[in-house]
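Take a look at the structure below.
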Amino acid sequence: MRLRNKPMIGSKSGHFTDYLYRSRTDRWIMAALLIIMSLFWIVPILAAVDRALVFNGWRNFQDVIFGDIGGITIWRTYWNSFVIAFMHAGLVVGVSSLAGYGFAKFDFRGKEVMYYVTLVFLAVPATSILVPLFYITRELGLRDTFLGVALPEAALTLPFGVLLMRNFAETIPNAFIEAASIDRASHFRIYKDVFLPMSRPALLSLGTLSVMWSLQDFLFPSLLFTEREKTTAAQAVLRFKEYLGATPDDIGRYNASLVLLAVPALVVVIWGLRFITRGLAAGGIKE
Amino acid sequence: MATVALDNVTKIYTGDTPSVANVSLTIGNGEFLALLGPSGCGKSTLLRMIAGLETVTSGELIINDRPVSGVHPRDRNIAMVFQNYALYPHMTIRENMEYPLKLQKVEKKSRNLKVEEVASLLEIREELDRKPDSLSGGQRQRVAMGRALVREPAVFLMDEPLSNLDARLRIQMRTEIVVLQRKLGITTVYVTHDQVEAMTMADRIVVINKGRVQQIGPPTEIYGWPANLFVAGFMGSPPMNFLQPEQSSRGVRMNGRKTAAPGHPDSRHVVVGIRPEDIHLGQADPDELSLHGTVAAVETLGAETLCHIATDVTVLTVEAGEVIPAAPGRNMLVVRMPGYRVDLQDKPVRLRADRNAVRFFDAESGRAMHLDSEDQFGPDMKGGLGLRRFKQVNDDRDGASLDGRPTGRQPQEKGNSK
Ligand SMILES: Nc1ncnc2c1ncn2[C@@H]1O[C@H](COP(=O)(O)OP(=O)(O)OP(=O)(O)O)[C@@H](O)[C@H]1O
Ligand SMILES: [Mg+2]
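Protein chains in written order, with this note's numbering: chain A, 657 to 943; chain B, 1299 to 1716.
So, in structure tokens, the structure goes:
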């Protein structure tokens, strides 16, 4: 949006040329690269759908949708996944917005140090905290609970959330907060009545990303769930494999389940894409 | 209803150059006070200290006889209109305006009443259910005022509230604000860098430069009797002409004619100041000052003309407190005259100026000499006699205007047009 409003550099008079890639050859090369790259994503998906149709065709999908596999339905795994995903998103959005507001609009000692320490945790890989996490959740009695998975996930997402929310909060002019403060609003009221509504684009974007990332999480559910009923969609990929054998029927069904298990995350992404792009681009808004 | 007093208020952000230095002033109940000065002079900082948005480094701030330096903004009973209005974009106009009342836990019914009342006053009733981004600049400005007014604050603070409006709307709104302020009688501090705004709106103007108060007084006094070279050069567009007189033990002379310079000026260098509208075409009477030159450039503004006249007296410019003579051949006087006078281009002209219209400044300190003189020269600051005299002169000659508009208040104008 903003780029397009700028005057075109190097455009011939009256000729609407692209801002960055001016020459025709450049554009051909670019298009070719994009097509090749998109094949990397499209081919596996097509292959999965294709393999899901072997032997019994669409019946494979029917079986997976209406039956259960090893004592758990695919619907149940969807439900589990979404409960965790929304818990995770709620935690991330809640804590990040508070932290973002605080980091952007308050001055306190050690602020920048705290901020950078938070950001350093962006670099911590999930695998490196698996073992302590295993014991901590047991001590807290969180093993085999949804919260037990959502919490560690949130811990890993939070640095990004804080980064995003602080950047966004910095773009909100102080005058809004000062105006509310002169009008006798407490800090909590300002956060609730002014900051949160004005941060909507960023919050939606962060929320959508959080749901998406949690839906894709395979590691934590696998580690922390022992009960079969808790199986999440991402985890089911493996669990279903244990139950479905090498018979032609089962192979078809397994491949069908793989396609279906990917659906929730896809739906979230397609539905949430506008929020994501809007929120991440919102850093440059004026007024 | 409130008075505000500042006692030696100083603000230092970082380092040791203060952004606001030792400001002392008292704002009377119901007074409209304008803080005027160039960009970066500390006007906003001063206003924000009164609001409580900035801490006071030293000195004391007193609202209604209560020291408020440590008091949170919300407990000062002030309202503020921001330069960009700061209307909450997610709330309707009604919600914006009732928000301060909501915070005070006023119940819904009286909230609605109050909002409707203020909205009618500001003529924005139709807009109540719209969102700020669908309003025009002028309407937003009114909503911002409305939001500040619903609470009936003791003090009303405004930071360049008109600077985002186009010229036309600015003129209209400045009248409306004055009328409203008169009607409600709320003590108001108004920040602006626009001297026309300050002149037309304020009861008193505080001229600030580099964080220091240069002069405090009613608009006519600031314009007519600037306290120093900075004020003289800042007020008026084009500003006052500064000239270098001939000085001897017999007095201060311009082109051989004795001026009315006060005191015993032979001991120090004097700068003579004459406003462009105080110089007239024509042969000088014996008791008037006489100048002459050639019209080098003519700017026609419609109702009046600005002539840049090359002259042989030495014209001075004031830059960063230094008085600098113009290079030889670049001595340009600016003269404002009524009418459309392109015919004067390149003509030699004779000029005259009333001796009473001439102001004198100490070239060293920049200070106006009437402030130090013992005799009857200059306005009587205590009795206001001189001021009244000046006002009369000002009204009579009909020329002491900024940008062609009369310098007095003009609320009646609006009343009549209604
Ligand atoms: N938060 C701050 N931190 C450090 N210095 C500041 C801060 N705010 C203002 N200043 C400095 O204080 C001085 C006065 O600033 P202020 O904003 O009060 O000027 P102003 O008169 O309102 O100018 P303008 O007409 O441009 O708004 C400036 O030199 C500015 O750089
Ligand atoms: Mg300012």
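Glycine included, C-beta positions come from ideal geometry on N, C-alpha and C. The structure displayed is predicted, hence computed values, not measured ones.
Tell me, which residues are paired with residue i by DSSP?
i: residue 792 of chain A; result: Looking at the DSSP assignment, residue 792 of chain A forms no beta bridge with any residue, so it has no partner.
i: residue 685 of chain A; result: DSSP output for residue 685 of chain A lists no bridge partner at all.
i: residue 1415 of chain B; result: BP columns for residue 1415 of chain B are empty, so no partner.
i: residue 1549 of chain B; result: B:1546
i: residue 1308 of chain B; result: B:1356
i: residue 1569 of chain B; result: B:1659
i: residue 1556 of chain B; result: B:1551
i: residue 1454 of chain B; result: B:1377 and B:1486
Report whether the distance from the Cβ of residue i to the nearest heavy atom of ligand 2 is below 7 Å.
i: residue 1341 of chain B; result: yes
i: residue 1457 of chain B; result: yes
i: residue 1489 of chain B; result: yes
In the DSSP assignment, find the unbroken alpha helix (DSSP H) run with residue i in it and report its ends.
i: residue 1388 of chain B; result: Neither: residue 1388 of chain B is in no alpha helix (DSSP H) and is coded neither H nor E.
i: residue 1493 of chain B; result: 1493-1499
i: residue 755 of chain A; result: 730-761
i: residue 1474 of chain B; result: 1465-1482
i: residue 1341 of chain B; result: 1341-1349
i: residue 832 of chain A; result: 830-838
i: residue 1529 of chain B; result: 1527-1532
i: residue 640 of chain A; result: No information on residue 640 of chain A is available, as it lies outside the stretch 657 to 943 that chain A covers here.
i: residue 1330 of chain B; result: It is not in any alpha helix (DSSP H) - residue 1330 of chain B instead sits in the beta strand (DSSP E) that spans 1330-1334.
i: residue 876 of chain A; result: 875-880
i: residue 1667 of chain B; result: Unbroken run through residue 1667 of chain B: none, as it is neither H nor E.
i: residue 719 of chain A; result: 715-722
i: residue 870 of chain A; result: 856-871
For the beta strand (DSSP E) containing residue i, list its first residue and its last residue.
i: residue 1318 of chain B; result: 1318-1325
i: residue 891 of chain A; result: Unbroken run through residue 891 of chain A is the alpha helix (DSSP H), 889-899; no beta strand (DSSP E).
i: residue 1660 of chain B; result: 1657-1660
i: residue 1358 of chain B; result: 1356-1361
i: residue 1539 of chain B; result: 1539-1542
i: residue 1507 of chain B; result: 1502-1507
i: residue 1490 of chain B; result: 1485-1490
i: residue 814 of chain A; result: Not the beta strand (DSSP E): residue 814 of chain A falls in the alpha helix (DSSP H), residues 802-827.
i: residue 1510 of chain B; result: 1510-1515
i: residue 1377 of chain B; result: 1376-1379
Is it the case that the CB of residue i approaches a heavy atom of ligand 1 more closely than 7 Å?
i: residue 1355 of chain B; result: no
i: residue 1312 of chain B; result: yes
i: residue 837 of chain A; result: no
i: residue 1335 of chain B; result: yes
i: residue 1350 of chain B; result: no
i: residue 855 of chain A; result: no
i: residue 1317 of chain B; result: yes
i: residue 1338 of chain B; result: yes
Would you say residue i touches ligand 4, meaning its beta carbon is less than 7 Å from a heavy atom?
i: residue 737 of chain A; result: Ligand 4 is not part of this structure, which contains only ligand 1 and ligand 2.
For this session: Could you name the residues of the segment 1368-1382 of chain B whose beta carbon sits closer than 7 Å to any beta carbon of chain A, in the order they occur along the chain?
Result: Against chain A - using a Cβ distance shorter than 7 Å - the residues of the segment 1368-1382 of chain B are 1371, 1372, 1376, 1377, 1378, 1380 and 1382.
For this session: With 7 Å as the C-beta to C-beta threshold (strictly closer), list the residues of the segment 1323-1357 of chain B near chain A in chain order.
Result: Using a CB distance below 7 Å, the part of the segment 1323-1357 of chain B facing chain A consists of 1349 and 1351, ordered along the chain.
For this session: Residues of the segment 831-846 of chain A with a CB closer than 7 Å to any CB of chain B: list them in chain order, please.
Result: The segment 831-846 of chain A vs chain B, Cβ under 7 Å: 831, 832, 834, 835, 837, 838, 839, 840, 841 and 845.
Exercise. Closer than 8 Å, Cβ to any Cβ of chain B: which residues of the segment 760-775 of chain A, in chain order?
Worked result: So nothing in the stretch comes that close.
Exercise. What are the uninterrupted segments assigned as beta strand (DSSP E) that are 3 or more residues long and contained completely in the segment 1618-1646 of chain B, given in chain order?
Worked result: Runs of the beta strand (DSSP E) lying entirely within the segment 1618-1646 of chain B, each at least 3 residues long, are 1620-1623 and 1630-1636 in chain order.
Exercise. If contact means a Cβ-Cβ distance below 7 Å, which residues of the segment 1388-1404 of chain B contact chain A?
Worked result: Listed by position along the chain: 1388, 1397, 1398, 1401 and 1402.
Exercise. Any residues in the segment 852-880 of chain A with a beta carbon nearer than 9 Å to a beta carbon of chain B? Which ones, in chain order?
Worked result: Closer than 9 Å at the C-beta level to chain B, one finds these residues of the segment 852-880 of chain A: 853, 854 and 856.
Problem set entry | Interfacial residues, the segment 883-895 of chain A to chain B, with Cβ spacing under 9 Å | Hits within the stretch: zero.
Problem set entry | In chain order, each beta strand (DSSP E) run of at least 3 residues that lies wholly inside the segment 1571-1614 of chain B | Contiguous beta strand (DSSP E) elements confined to the segment 1571-1614 of chain B occur at 1577-1579, 1587-1598 and 1602-1609, taking only those with 3 or more residues.
Exercise. Quick one, which residues of the segment 904-920 of chain A are near chain B if we go by CB-CB under 8 Å, in chain order?
Worked result: Hits within the stretch: zero.
Problem set entry | Residues within the segment 736-749 of chain A neighbouring chain B, beta-carbon criterion of under 7 Å | Within the segment 736-749 of chain A, not one residue has a Cβ closer than 7 Å to any Cβ of chain B.
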